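Asker: Going by the numbering used here, the sequence shown opens with residue 9, and the numbers climb by one from there.
Glycine is no exception: its CB is placed at the ideal position from the N, C-alpha and C atoms.
Computed from a predicted structure; not experimentally measured.
What follows is a structure written as structure tokens; I'll ask about it next.
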Amino acid sequence: MKGLLQVLAVMIGFLVASGEIARRWGDAHFIPLALDDLAVAALLFWAAWRARDHGPAVLVASWGVFSGVNLLLLMINLDFVIHGIPKTGGVFYSVILSLMLVLGLWATWQAMRLTERPEQA
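Right, here's the structure in full:
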């Protein structure tokens, strides 16, 4: 299971980083607006790399941060959707962020289960 979580961390980290770079490229505010997602992607990459030596605890931390950031972004987007404030792609982003939150919570839970059974980590 740890191997799956490591591969998933690399894949999701790549998708998050490349999606944010593609979305914000050319924007004068690229640095402040993209830093959160790029930091989460870097944390997922680091955890996938270090989980071999440090065990599943780094995966718990990285997937937990991923889930927290997605929850925050989801709430911001849902505010626009619920209150009818016009935002381009608000519903689309809310659906994608909801799916990412579910994935992150599942991965956090699976990584936490690995810490309870170190012989399977």
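For the putative contact between residue 64 and residue 119, defined by C-beta atoms under 8 Å, what is the C-beta separation to the nearest angstrom?
Answerer: Right, their Cβ atoms sit about 5 Å apart.
Asker: Closer than 6 Å by C-beta to residue 42: which residues in its own chain qualify, once you throw out the five before and the five after it? Chain order, please.
Answerer: Taken in chain order, the residues that qualify are 28 and 32.
Asker: At the level of alpha carbons, what is the spacing between residue 89 and residue 81?
Answerer: Cα to Cα, the separation comes out at about 13 Å.
Asker: Measuring only the C-alpha atoms, how far is residue 101 from residue 78?
Answerer: If I take the Cα positions, the gap works out to 11 Å.
Asker: State the Cα-Cα distance for the pair residue 92 and residue 99, rounded to the nearest angstrom.
Answerer: So the alpha carbons of these two residues sit roughly 11 Å apart.
Asker: Check whether the Cβ atoms of residue 49 and residue 15 sit closer than 8 Å, and answer yes or no.
Answerer: Their beta carbons are not under 8 Å apart, which means residue 49 does not touch residue 15 by this criterion.
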